[in-house]
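Student:
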Amino acid sequence: MFRWRSWPRRSRTLPRETGPSAQLARMILDQAMSRLKPEDRLVITLFELEDRSVREVAGLTGWSETRVKVRAFRARQTLKRLIGGDDER
C-alpha cells in the first residue's frame, strides 16, 4: 500500500547562490509568483517555500487538507506554465 508519509521529505532549502544565473532565476520566479492569485501565492509560499505540512497550511488558512492539496497542485501547474516549464504531452 502506498503511503505518502513513508517517503522521505525532499530538501526544500533554496540555494543561496548569488551569480547572474541565480539572480535571473529569482527574478523569473518573483515575476511568476506575482502573477498568481493571492490564495495560490499563499499556498506556494507556506507549503513549498516555508516547508509547512498540509495540516499546518490547513490550520493557518482555515481550509480543509484536501483543499490545500488541490490548491497547491493547481498553483504549481500555473507556476510551471507561467515560467514555461509546462511540457505538453
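Per our numbering, the very first residue in the sequence shown carries number -19; after that it's consecutive.
No residue lacks a Cβ here, since even glycine has one placed at the ideal position from N, Cα and C.
In its own chain, which residues sit with a C-beta less than 6 Å from the C-beta of I24, not counting the 5 before and 5 after it?
Tutor: The answer, listed in chain order, is A55.
Student: Over what stretch of residues does the alpha helix (DSSP H) that includes L26 continue unbroken?
Tutor: Note, L26: premise wrong, no alpha helix (DSSP H); not H, not E.
Student: Can you list, in chain order, the residues of its chain with a C-beta nearer than 7 Å to that of R(-17)? Leave out the 5 residues immediately preceding and following it.
Tutor: At R(-17), the pLDDT of 38 sits below 50, so the modelled position is not reliable; the number obtained from the coordinates is stated separately. Nothing listed; no residue qualifies.
Student: What residue does the alpha helix (DSSP H) around L9 start on, and which one ends it?
Tutor: Looking at the DSSP string, the run of the alpha helix (DSSP H) that includes L9 is 0 to 14.
Student: How long is the line joining the alpha carbons of G(-1) and G64, rounded to whole angstroms?
Tutor: Those two C-alpha atoms are separated by around 22 Å.
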